[in-house]
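Chemist: Taken in order, the sequence shown gives residues 9 to 583; the numbers are from our numbering.
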Amino acid sequence: MNSSTRFVVDVLKRNRKRIYTIVLVATIGAILTTATPYIYGTLFSLSQAPDTAANLLLALIGIWLILSLLSNYISNMTGYMGEVLGVKISQESEAEAYSHFLTLPILFHKKEQRGEILQKISRASWSLQDIVATISDVLPQLLMLLFSVVAMFVIKWQLAMVLLITFVVYGIFTIKLVNPEMIARRIEHRTYEKQYGRVYDKLYNVFLVKNFVMEDEERKRFFKSLVEKILPVVKNAAGKSRRVSSIQGIITGVSFVIVLGGAIFFLKAGQITPGEFIMFFGYINLAFSPLRFFGSLYRRYKRAVVAVRRFLKLRRITPERMTHGKKTLGNFKGEIVLKNLDFGYLKEKRVLKNINLKISPGESVALVGKSGVGKTTLAELVMGYYLPNKGKIEFDGTDISELQLKWIRDQIAVVPQDLNLFNDTLINNLKYANPDATEKQVIESCKAASADEFITSLPKSYHTKVGEEGVKLSMGQRQRIAIAMAFLKNPKVLILDEPTAALDAESERKVQEGINRLIKGKTTIIIAHRFSTVRNADKIVVLEKGKITELGNHTELVKKKGTYYHLYKLQRGLD
Ligand SMILES: Nc1ncnc2c1ncn2[C@@H]1O[C@H](COP(=O)(O)OP(=O)(O)O)[C@@H](O)[C@H]1O
Ligand SMILES: [Mg+2]
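1) Check this for me: beta carbons of S453 and A490, under 8 angstroms apart or not?
2) Measure the alpha-carbon distance for S254 versus L93 and round it to whole angstroms.
3) Would you tell me roughly how many angstroms separate the C-alpha atoms of Q425 and S133, rounded to the nearest one?
4) Would you grab the beta carbon distance between K555 and N362 for me? Rounded to a whole angstrom, and I think it's under 8 angstroms.
5) Just to check my reading of the structure: T385 and V359 have Cβ atoms closer than 8 angstroms, yes? What is that Cβ distance to the nearest angstrom?
6) So is the beta-carbon of T384 under 7 angstroms away from any non-hydrogen atom of ligand 1?
7) Looking at ligand 2, does it come within less than 7 angstroms of I535, judged from the CB to the closest heavy atom?
8) Which two residues bound the contiguous beta strand (DSSP E) that contains G283?
9) Assign N428 to one of three DSSP states: helix, strand, or coil.
10) Are there three or more Cβ pairs, one per stretch, closer than 8 angstroms when the stretch 27-44 is compared with the stretch 148-157?
11) Quick check: what's the CA-CA separation for E236 versus V186?
12) Give a single yes or no on whether V381 has its beta carbon closer than 7 angstroms to a heavy atom of ligand 1.
13) List, from N- to C-terminal side, the alpha helix (DSSP H) runs of 4 residues or more that fit wholly inside the stretch 493-579.
14) Can you tell which of L559, G303, Q520, Y106 has its C-alpha closest to the C-alpha of G484?
15) Measure the alpha-carbon distance for L346 versus A387 and round it to whole angstroms.
16) For ligand 2, any of its heavy atoms closer than 7 angstroms to the Cβ of D505?
17) So, do the stretch 427-444 and the stretch 364-381 have three or more beta carbon pairs nearer to each other than 8 angstroms?
18) Please work out which residues of its chain come closer than 8 angstroms, Cβ to Cβ, to V566, disregarding the five sequence neighbours upstream and downstream, and give them in chain order.
19) Based on Cα-Cα distance, which residue from I30, L75, L389 lies nearest to A141?
20) For D505 and Y200, what's the separation of their Cα atoms in angstroms?
21) State the start and end residues of the unbroken alpha helix (DSSP H) segment that holds N364.
22) Could you tell me which uninterrupted alpha helix (DSSP H) segments, each at least 4 residues in length, are contained entirely in the stretch 203-265, listed from first to last along the chain?
23) What are the boundary residues of the alpha helix (DSSP H) that N348 is part of?
24) Helix, strand or coil: which one does DSSP assign to K276?
25) Where does the unbroken beta strand (DSSP E) through I420 begin, and where does it stop?
26) Ligand 1 heavy atoms versus the CB of Y572: any closer than 7 angstroms?
27) Classify Y48 as buried or exposed, calling it buried when 16 or more other Cβ atoms lie within 10 Å of its own Cβ.
28) Is K355 near ligand 1, with its Cβ less than 7 angstroms from a heavy atom?
29) Does ligand 1 have a heavy atom nearer than 7 angstroms to the CB of L346?
30) Go ahead and pull the three-state DSSP assignment for A271.
31) Does the separation of the CB atoms of E196 and V158 fall below 8 angstroms?
32) Are the Cβ atoms of N23 and I97 separated by less than 8 angstroms?
33) Could you tell me if P282 is buried or exposed, where buried requires 16 or more neighbouring beta carbons within 10 angstroms of its beta carbon?
34) Tell me whether Y106 is buried or exposed, calling it buried when 16 or more other Cβ atoms sit within 10 Å of its Cβ.
35) According to the neighbour-count rule (16 or more other Cβ atoms, all chains shown, within 10 Å of its Cβ), is K10 buried or exposed?
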């Protein structure tokens with residue numbers, strides 16, 4: 009069994025009970041449906057006989073009516089149950105897929121286009137829903153086919169044989185022709201994903217589009233992506249699909265006429281009665297409907313497999329926590345040591361080379377260096393976003409690859425250069441850092457972060473919705489929210505990545521106040537350009553070309569008159 013089939017089977021297994029119910033109900037429906045031609049055929053024969061009592065005819069008509077109403081009710085019922093189950097399964101798979109998406113390593117998220125993945129997930133989910141809604145009909149249709157064929161054999165075996173040969177021919181052609189269609193469908197999926205990936209990318213970066221007044225240009229590109237690129241591949245796939253359908257149609261059409269034509273001859277020759285002829289006619293119709301059903305089921309199944317396979321590829325990517333161990337440290341003091349650490353995103357290109365650095369508990373270390381030198385990379389290594397290519401990182405003497413990733417991240421709060429908030433109230437955003445925090449604690453943290461003053465001046469204070477109600481926070485305000493969140497999390501280790509880089513002097517002062525209060529007693533890695541921030545650090549690390557070239561405190565490094573001193577002089581001159 010291939011992995012896509014196994015996936016579908018597993019999903020079905022998990023919903024065993026519902027499926028059994030549907031199959032049971034549908035089977036009853038199939039039995040009722042196949043009984044119907046027998047009844048009206050008999051009715052016709054009886055009506056031809058001179059001595060039939062009218063009451064008997066009426067009774068049979070009554071039974072016929074009840075049977076057809078019942079089978080109609082049941083078929084609608086199974087349709088309904090199948091749809092509900094299909095939606096349940098596809099929604100569950102989507103929920104699982106999105107959760108999985110969040111657990112994937114940061115490098116995956118940096119590389120992959122979100123839109124493409126969302127397309128992949130939703131297309132697979134749609135196919136899954138389609139297939140589940142249909143699959144519950146398999147057994148009833150099979151029974152219907154079987155009963156009809158048996159009934160036809162009883163009436164006239166020669167004609168039933170024609171039908172059996174039709175089945176075989178039909179099956180062979182369907183299986184043979186379906187492959188080119190599937191290849192075309194695969195290309196169709198890939199095109200959809202790629203083009204939607206492009207479109208979503210623009211939607212996510214709408215500000216960039218607006219900055220460069222590219223709306224009209226993007227409109228053209230959207231049309232190109234969503235219409236010009238997609239239409240031909242869909243046309244191709246639909247064409248292949250049409251070919252399969254028309255050949256299936258030819259086979260069933262020809263066979264239908266042969267069987268029915270044969271039946272007419274047998275009728276004329278007096279080999280079957282008119283009542284039997286009518287019965288037979290009913291059974292031909294019943295037998296062909298499952299045939300069409302299986303023809304389309306097989307193709308839909310193959311189509312779903314194509315979509316599900318693409319989606320399973322995503323599921324196979326290892327969640328980042330899997331690359332880490334399970335240890336936690338009971339009494340973590342906050343010592344971080346980097347030993348002979350080498351790291352590169354690409355094998356050929358090392359970003360960090362032979363880094364050795366010891367950060368004692370409660371110590372603050374400033375990383376200084378040109379942009380692109382690897383400061384953020386170093387901080388992200390400490391957070392366990394990547395594992396070093398060589399050397400190691402230790403927390404209180406334990407290699408972080410042995411530590412549980414959740415535990416590591418719990419020990420660290422990050423104040424990024426710019427914080428993106430959820431479309432929710434401020435309080436809910438803040439509580440994201442610590443869901444158990446009381447409102448009082450939230451307010452205290454905001455006070456410490458110098459954020460309380462601007463929050464309380466907002467129309468609904470802490471319950472103001474971000475993004476709505478005309479509230480758009482400035483970068484300095486968002487920065488203070490980030491600091492408040494770090495206070496709320498209250499971890500042993502802090503990482504601040506250029507927290508004041510993009511701020512004006514007034515905001516910088518406010519943010520700096522918050523930072524000074526925040527880092528007290530905490531192991532801190534701070535990446536900064538402003539020497540107002542850097543000079544207070546216990547240790548300053550100068551990175552050049554991926555290596556540490558200078559290490560010491562402000563006074564020592566100034567005395568050394570090296571790179572740090574030059575940078576310092578440069579900025580003093582500018583300030
Ligand atoms: N996801 C990535 N894939 C490949 N290269 C990357 C990635 N992220 C950063 N880099 C490269 O690594 C180097 C260091 O980047 P970074 O740590 O962001 O520098 P800094 O924070 O010092 O400005 C840069 O040359 C950058 O182009
Ligand atoms: Mg950076």
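Glycine included, every Cβ here is placed at the ideal spot set by N, Cα and C.
Modeler: Checking against the coordinates, here is how it stands:
1) no
2) 31 angstroms
3) 37 angstroms
4) 7 angstroms
5) 5 angstroms
6) yes
7) yes
8) No beta strand (DSSP E) contains G283, which is instead part of the alpha helix (DSSP H) from 282-324.
9) coil
10) yes
11) 26 angstroms
12) yes
13) 513-526, 539-542, 562-568
14) Q520
15) 11 angstroms
16) yes
17) no
18) Y572, Y573, Y576
19) I30
20) 37 angstroms
21) Unbroken run through N364 is the beta strand (DSSP E), 360-367; no alpha helix (DSSP H).
22) 214-219, 223-231
23) Here N348 belongs to no alpha helix (DSSP H); instead the beta strand (DSSP E) covers 344-351.
24) helix
25) 420-423
26) no
27) buried
28) no
29) no
30) helix
31) no
32) yes
33) exposed
34) exposed
35) Here residue 10 is Asn; the residue named in the question, Lys, does not match the sequence. Answer is exposed; the Cβ neighbour count stays below 16.
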